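Student: Residues in the sequence shown are numbered from 498 upward in steps of one, following this note's numbering. Where a beta carbon is used, it is the ideal one built from N, C-alpha and C, also for glycine. Only a predicted model underlies this, so the values are computations on that prediction, with no experimental measurement involved.
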Amino acid sequence: MASLNISNLPEEILCKIIEIVGADSFYYLGGILWAGKRGYALVHEPSVLRKCNVQPMVTFATCQICSGGRFGEFFISH
498 MASLNISNLP
508 EEILCKIIEI
518 VGADSFYYLG
528 GILWAGKRGY
538 ALVHEPSVLR
548 KCNVQPMVTF
558 ATCQICSGGR
568 FGEFFISH
């Protein structure tokens, strides 16, 4: 499968895609976070974060929310 180059898409379109992907679960945003600086920055946009479902993080991984856990940085910075 050929790699998809989305570097020329406007930020509004990418933010909408990220919102739709993250609406089901924040877990699906991992690939976008690892894709590069632009993806990382767009995932952390306040408009995107408002739409993302963090319920699985809170209900299934509560031990990972502490300062030393996987999701500690997320809760500290947001």
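#1: Hey, how far is the Cα of I529 from the Cα of T556?
#2: Check this for me: beta carbons of I515 and V551, under 9 Å apart or not?
#3: So, helix, strand or coil for L526, using DSSP?
#4: Got a sec, what are the start and stop residues for the alpha helix (DSSP H) E542 sits in?
#5: Closer than 8 Å: is that where the CB of P553 sits relative to any heavy atom of the ligand HEM?
#6: With P553 and S522 assumed to form a contact (beta carbons below 8 Å), what rounded beta-carbon distance in angstroms separates them?
#7: Starting from the C-beta of Y525, find all residues in its chain whose C-beta is less than 8 Å away, skip the five residues before and the five after it, and write them out in chain order.
Tutor: On the basis of the supplied data:
#1: The residue given as residue 529 occupies position 32 in the sequence shown. The residue given as residue 556 occupies position 59 in the sequence shown. A straight-line Cα-Cα distance of about 23 Å links I529 and T556.
#2: Taking the first residue of the sequence shown as position 1, residue 515 is located at position 18. Taking the first residue of the sequence shown as position 1, residue 551 is located at position 54. Contact flag unset, no.
#3: Taking the sequence shown and counting its residues from 1, the one referred to as residue 526 is at position 29. Of the three classes helix, strand and coil, the one that applies to L526 here is helix, per DSSP.
#4: The count along the sequence shown starts at 1 and reaches residue 542 at position 45. Taken as a continuous stretch (DSSP letters only), E542 belongs to no alpha helix (DSSP H), as it is neither H nor E.
#5: Among the components of this structure there are no ligands whatsoever, and the ligand HEM is therefore not found.
#6: Along the sequence shown, one-based indexing puts residue 553 at 56. Along the sequence shown, one-based indexing puts residue 522 at 25. Indeed they touch by this definition, with Cβ atoms about 5 Å apart.
#7: Stepping through the sequence shown from its first residue, residue 525 is reached at position 28. Scanning its chain for C-beta atoms nearer than 8 Å, with the 5 sequence neighbours on each side dropped, one finds around Y525 the residues V518, G519, in chain order.
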